[in-house]
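By the numbering used here, the letter at position 29 of the sequence shown is numbered 44, and the numbering carries on one by one without gaps. Every residue gets a Cβ at the ideal spot worked out from N, C-alpha and C, and that includes glycine.
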Amino acid sequence: MLTTQYSPWLILVCLLVGAGYAALQYSAKAPWSKQLNYALAALRWLVVSFLCFLLLGPFVKSSTTRTEAPAVVLAVDNSQSVPLFTPKDVLAQATTGLPKLAAALRAQGFEVETHTLTPTPDRPASVDSLRFVASTTDLDKLLSDTREAYDGRNLAGVVLVSDGLVNQGRSPAYSEFNFPIYSVAVGDTVPKKDLRITALTYNRVAFSGNKFPIEAELGFEGYAGGAATVELREGGRVLDSRRVPLPAGRRRVKTTFQLTAPAPGKRRYEVRVVPQAGEFTPLNNARTAFIEIVKGKLRVLLAGAAPHPDMKALRAAILANDNFDLTLALPGVAPLKPGTDFDVAILHQLPAQGGLGQELLAQVQARRVPMLYIIGAQTNIDAYNQLGTSLSIQPRGSQTDEVTPLPNPGFTRFATDEESARRYAQYPPAPVPFGDYRLGAGAEAALWQQVGRLATQKPLLVFGGRAEQRQATLLTDGSWQWRLTEAVEHDDRPEAYDRLIIRTLQLLTQNASKKRLDVYPTQDSFGTQDDVTLGAETYNAVFERLYNQKIDLTLTDSARRVRRFSFANPEDGSPLHLGPLPAGLYRYQARATLGGQAQQDAGELLVQNQPLEALESRADHNLLAQLARRSGARLYYPSQLDKLAEDIKRANFKPVISTDEELKDLINLKWLFFVILAFLTVEWAVRKYSGSV
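Next comes the structure, spelled out in structure tokens:
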């Protein structure tokens, strides 16, 4: 459709202008025939009229109509538990029926795609060649990814084929989906006769010569009233074995092994329940504990300017961990005895105003050990700023802010899990000095301040200091309220607070003799399904942080197989991703050239075998029925796939017709320029040939 920006009556003016121009050009007597003169005049009239017409801003309006057929997504739970626990005839019905369902839907005019738990972007999934290999099941992610992929498109519904067993991510029952979910239930709701180790509880660090426990939780189906043999193994040796009663009316029991820690090093222990007759699968009968045996406990000095509730909270958090010894020092109350040995010091409100505790502070500083400073109302801020902690505080009078802790996602030295972050958000506000904060070179904030609902990037917990003496600063003396509140709300288990204090002390004492190349695992241990990651720090000769340095890494497993990697440590702190690794103890060696000097570091990382897909054999069809019912659909079984196709057809999903309009200025069409040029060229050639220009 052709239209103009101005009144179409002006087209007559364009024609008159073209006619007048042609008349002036060709009204005189010409050296060619009369007929040729009229033809040339018409050509000139056409060109001039069209050029005038272009001044009216003409444009072409075009519309394109698209028809989008309704789409059905086959979301298939291809986890290992499906073939492991689904009866063979039921699984065969599903694997042979899904291609037929897809063909029937396509015949009805639907677009059909297949999504699985293990997407491969370069090779779309196909129901004709399903492989049940996923080591974890996250149905919420499977459905949420489908929702995002079809946002704004004509999605008729999702056919979810699953056993309903979720072992990763949150339950899809807590999410909202804007499409029908036609659940197809596989698996088996009949309990299998099975024995399994469902959990191991142990401290990851034990001290040589001390006794330490490993607690195993044993789950059972079909063996109630009997007993099971549980073994503790190291390598091929059975260290301990016991008969564990399996009481009727229960599904889980616990048993505890007591061991004496051997020589320092990494140790791997396996707890295994001996298979019994009729047991469905032995895949879930064992779990492994990786424990680091060290020489002795970490010695902590807790020194304060005066008695304070914070001191009690810190003392309780430290003594809750068997890996620490604690010494308390208070001026005039509990003086620090000469010769007292400690590995790390917590200085509560030291240096203090009025010189309180100055002698105690001098004794601690003379030891040059890592320190955790806790800032409070009695702290001498000016004296603190001279300590070289890499944090400078410029308070504005005596004002304070009331804040709660907010984890810094860019801090990678230790991770904050979701549960701890949730508990942090529930802490009561604690006072911090109101003012300006400046982080020095190499300093990092592990926690930020959150003021009410306002998330800030003002530091609350800072790590820094000189390379040979790590230091940290907690900018509040009100953290005792956090531990007290958490203990009240969580059955006297303030785990988030205690974990924060312990990890802070561990980080301060880790690698106290500073290395220029420091490569470390980002977690204590990894599962076989996890992406194993390593962090890296590099320093120059004066121990200033360097970035983007090439690091070569060699990873060796227990069978002496070697993997090699090469990476750089970026400024954003992102780690090296090694991907999932088989269970076992790995040793790594890292090398880099820093300032022309060769540097190296070595360490170990642990990967634990966690057979998540074998832990639960009883399918959860209630979850599938709930998802279907909430979305306006229903639950089906593999034998009812024909019925499912009929119900989708009966729902009468319609194609979506959409129209796209496009406006294109005529003057922007390049071919018109060449047409006009051709007309003018023809006119010029004819005049030239006929004896005139």
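- DSSP state of isoleucine 390 mapped onto helix, strand, coil: Here residue 390 refers to the residue found at position 375 of the sequence shown. Three-state DSSP puts isoleucine 390 in coil, outside helix and strand.
- Task: Compute the Euclidean distance between the alpha carbons of tyrosine 165 and isoleucine 212, then round it to the nearest angstrom.
- Result: The count along the sequence shown starts at 1 and reaches residue 165 at position 150. The count along the sequence shown starts at 1 and reaches residue 212 at position 197. A straight line joining the alpha-carbon of tyrosine 165 with that of isoleucine 212 spans about 41 angstroms.
- Have a look at glycine 370 and threonine 471 and give me their C-alpha separation to the nearest angstrom. The residue given as residue 370 occupies position 355 in the sequence shown. The residue given as residue 471 occupies position 456 in the sequence shown. Between glycine 370 and threonine 471, the alpha-carbon positions lie close to 33 angstroms from each other.
- Query: Which term fits tryptophan 699, buried or exposed, when burial requires 16 or more other beta carbons within 10 angstroms of its beta carbon?
  - Reply: In the sequence shown, the residue the question calls residue 699 occupies position 684. So tryptophan 699 counts as exposed.
- Query: Would you report the Cα separation of glutamine 291 and glycine 542, rounded to the nearest angstrom?
  - Reply: Position 276 of the sequence shown, counted from the start, is the residue given in the question as residue 291. Position 527 of the sequence shown, counted from the start, is the residue given in the question as residue 542. Glutamine 291 and glycine 542 have their C-alpha atoms spaced approximately 27 angstroms apart.
- Message: So, at 7 angstroms on beta carbons, what are the nonlocal neighbours of leucine 157 in its own chain, with the 5 sequence-adjacent residues on each side left out?
- Response: The count along the sequence shown starts at 1 and reaches residue 157 at position 142. The answer, listed in chain order, is Ala90, His130 and Leu132.
- Item | Touching by the beta-carbon criterion (3+ pairs, under 8 angstroms), the stretch 443 to 456 and the stretch 403 to 417 | The answer is yes - the stretch 403 to 417 touches the stretch 443 to 456, with three or more Cβ pairs under 8 angstroms.
- Tell me the start and end of each unbroken beta strand (DSSP E) in the stretch 593 to 642 that is at least 3 residues and wholly inside, in chain order. You should have 599 to 609 and 612 to 623.
- Query: Between the stretch 333 to 344 and the stretch 215 to 234, do at least 3 Cβ pairs fall closer than 8 angstroms?
  - Reply: Touching, yes, given that three or more Cβ pairs across the two stretches are closer than 8 angstroms.
- Query: Roughly how many angstroms lie between the CA atoms of glycine 611 and asparagine 555, to the nearest whole one?
  - Reply: On the sequence shown, position 596 is the one that residue 611 refers to. On the sequence shown, position 540 is the one that residue 555 refers to. Answer to the nearest angstrom: the Cα atoms are 10 angstroms apart.
- Item | Classification of histidine 363 by the beta-carbon crowding that lies within 10 angstroms, buried from 16 upward | For the purposes of this step, residue 363 is taken as residue 348 along the sequence shown, with counting starting at 1. The residue in question, histidine 363, is buried, as its Cβ has 16 or more Cβ neighbours within 10 Å.
- Beta-carbon separation of leucine 341 and leucine 317 under 8 angstroms? Position 326 of the sequence shown, counted from the start, is the residue given in the question as residue 341. Position 302 of the sequence shown, counted from the start, is the residue given in the question as residue 317. Taking a C-beta distance under 8 angstroms as the contact criterion, leucine 341 and leucine 317 qualify as a contact pair.
- If we ignore side chains and look at the alpha-carbon of each, how far apart do tyrosine 41 and serine 78 end up? For this step, residue 41 is matched to residue 26 along the sequence shown. For this step, residue 78 is matched to residue 63 along the sequence shown. The alpha-carbon separation between tyrosine 41 and serine 78 amounts to approximately 43 angstroms.
- Query: With a Cβ-Cβ cutoff of 8 angstroms, do leucine 621 and leucine 523 count as a contact?
  - Reply: Stepping through the sequence shown from its first residue, residue 621 is reached at position 606. Stepping through the sequence shown from its first residue, residue 523 is reached at position 508. No, these two residues do not count as a Cβ contact at 8 angstroms.
- Task: Would you mind stating whether glutamate 128 and alanine 171 have Cβ atoms separated by less than 8 angstroms?
- Result: Residue numbering aside, residue 128 sits at position 113 when the sequence shown is read from its first letter. Residue numbering aside, residue 171 sits at position 156 when the sequence shown is read from its first letter. Taking the C-beta atoms as reference points, alanine 171 is found no nearer than 8 angstroms to glutamate 128.
- Message: How far does the beta strand (DSSP E) with aspartate 492 in it extend, from its first residue to its last?
- Response: Along the sequence shown, one-based indexing puts residue 492 at 477. First-last for aspartate 492: undefined, no H or E at that position.
- Query: For aspartate 513, is the classification buried or exposed, using 16 other Cβ atoms within 10 angstroms of its Cβ as the cut-off for buried?
  - Reply: As a working mapping, residue 513 is identified with position 498 in the sequence shown. With 16 or more other Cβ atoms within 10 Å, it is buried.
- Task: Give every residue of the same chain whose Cβ lies closer than 7 angstroms to the Cβ of glutamine 273, excluding the five residues on either side of it in the sequence, and list them in chain order.
- Result: On the sequence shown, position 258 is the one that residue 273 refers to. Excluding residues within five positions, the ones whose Cβ falls inside 7 angstroms are Lys226 and Pro228.
- Residue nearest to serine 435 in terms of C-alpha spacing, selected from Val447, Pro420 and Phe694: Position 420 of the sequence shown, counted from the start, is the residue given in the question as residue 435. Ranking Val447, Pro420 and Phe694 by Cα distance to serine 435 puts Pro420 first.
- Task: Would you kindly work out how many angstroms separate the C-alpha atoms of tyrosine 53 and alanine 38, rounded to a whole number?
- Result: The count along the sequence shown starts at 1 and reaches residue 53 at position 38. The count along the sequence shown starts at 1 and reaches residue 38 at position 23. A direct Cα-to-Cα measurement between tyrosine 53 and alanine 38 gives close to 10 angstroms.
- Query: Which residues share a DSSP beta bridge with valine 201?
  - Reply: By 1-based counting over the sequence shown, the position of residue 201 is 186. Note: valine 201 sits in no beta bridge, so no partner.
- Query: Roughly how many angstroms lie between the CA atoms of threonine 491 and arginine 382, to the nearest whole one?
  - Reply: Position 476 of the sequence shown, counting from 1, holds the residue named residue 491. Position 367 of the sequence shown, counting from 1, holds the residue named residue 382. Each residue's alpha carbon lies about 25 angstroms from the other.
- Can you tell me the Cα-Cα spacing of asparagine 400 and glycine 280, whole angstroms? If you number the sequence shown from 1, residue 400 lands on position 385. If you number the sequence shown from 1, residue 280 lands on position 265. Asparagine 400 and glycine 280 have their C-alpha atoms spaced approximately 40 angstroms apart.
- Query: From glutamate 236 to glycine 179, what does the alpha carbon distance come to, in whole angstroms?
  - Reply: Numbered from 1 along the sequence shown, position 221 holds the residue referred to as residue 236. Numbered from 1 along the sequence shown, position 164 holds the residue referred to as residue 179. Just so you know, the alpha carbons of glutamate 236 and glycine 179 end up roughly 19 angstroms apart.
- Can you find at least 3 beta carbon pairs, one from the stretch 230 to 245 and one from the stretch 288 to 307, that sit closer than 8 angstroms? Touching, yes, given that three or more Cβ pairs across the two stretches are closer than 8 angstroms.
- Tell me the DSSP bridge mates of valine 226? Residue numbering aside, residue 226 sits at position 211 when the sequence shown is read from its first letter. It is lysine, not valine, that sits at residue 226 in the sequence shown. According to DSSP, lysine 226 bridges with Thr275.
- Close-in-space but distant-in-sequence residues of the same chain around threonine 488 (CB under 6 angstroms, 5 per side omitted): Here residue 488 corresponds to residue number 473 of the sequence shown, with the count starting at 1. Once the five neighbours on either side are set aside, the close Cβ partners of threonine 488 are Tyr388, Thr404, Leu406 and Val477.
- Message: Buried or exposed, going by whether 16 or more other CB atoms sit within 10 Å of the CB of glutamine 414?
- Response: Residue numbering aside, residue 414 sits at position 399 when the sequence shown is read from its first letter. Exposed: under 16 other Cβ atoms inside 10 Å.
- Item | Close beta carbons around phenylalanine 125, own chain, < 7 angstroms, minus the five adjacent residues each side | Here the question's residue 125 lines up with position 110 in the sequence shown. Its chain contains Ala84, Pro85, Ala86, Val87 and Ala171 as the residues whose beta carbon lies nearer than 7 angstroms to that of phenylalanine 125, once the 5 sequence neighbours on both sides are disregarded; these appear in chain order.
- How do the stretch 202 to 218 and the stretch 107 to 122 stand: do at least 3 beta-carbon pairs fall below 8 angstroms, yes or no? Verdict: no, contact absent.
- Task: Would you check if there are 3 or more beta carbon pairs closer than 8 angstroms linking the stretch 435 to 447 to the stretch 597 to 616?
- Result: Touching, no.
- Extent of the continuous beta strand (DSSP E) run through glutamine 465: On the sequence shown, residue 465 is found 450 positions in, with the first residue counted as 1. For glutamine 465, the enclosing beta strand (DSSP E) covers residues 459 to 466.
- Message: Report the start-end ranges of each alpha helix (DSSP H) in the stretch 502 to 548 that is 4 residues or longer and not cut off at the edges.
- Response: With a minimum length of 4 residues, the continuous alpha helix (DSSP H) runs that stay inside the stretch 502 to 548 are 510 to 524.
- Message: Under 8 angstroms, with one C-beta from each stretch per pair, do the stretch 318 to 333 and the stretch 498 to 517 reach the 3-pair mark?
- Response: Contact between the stretch 318 to 333 and the stretch 498 to 517 is present: 3 or more CB-CB pairs across the two stretches fall below 8 angstroms.
- Item | For isoleucine 26, the first and last residue of its enclosing beta strand (DSSP E) | Translated into positions along the sequence shown, residue 26 becomes position 11. Careful: isoleucine 26 lies outside any beta strand (DSSP E), inside the alpha helix (DSSP H) at 25 to 41.
- Task: Give every residue of the same chain whose Cβ lies closer than 6 angstroms to the Cβ of proline 297, excluding the five residues on either side of it in the sequence, and list them in chain order.
- Result: Stepping through the sequence shown from its first residue, residue 297 is reached at position 282. Excluding sequence neighbours, proline 297 sits near Pro290.
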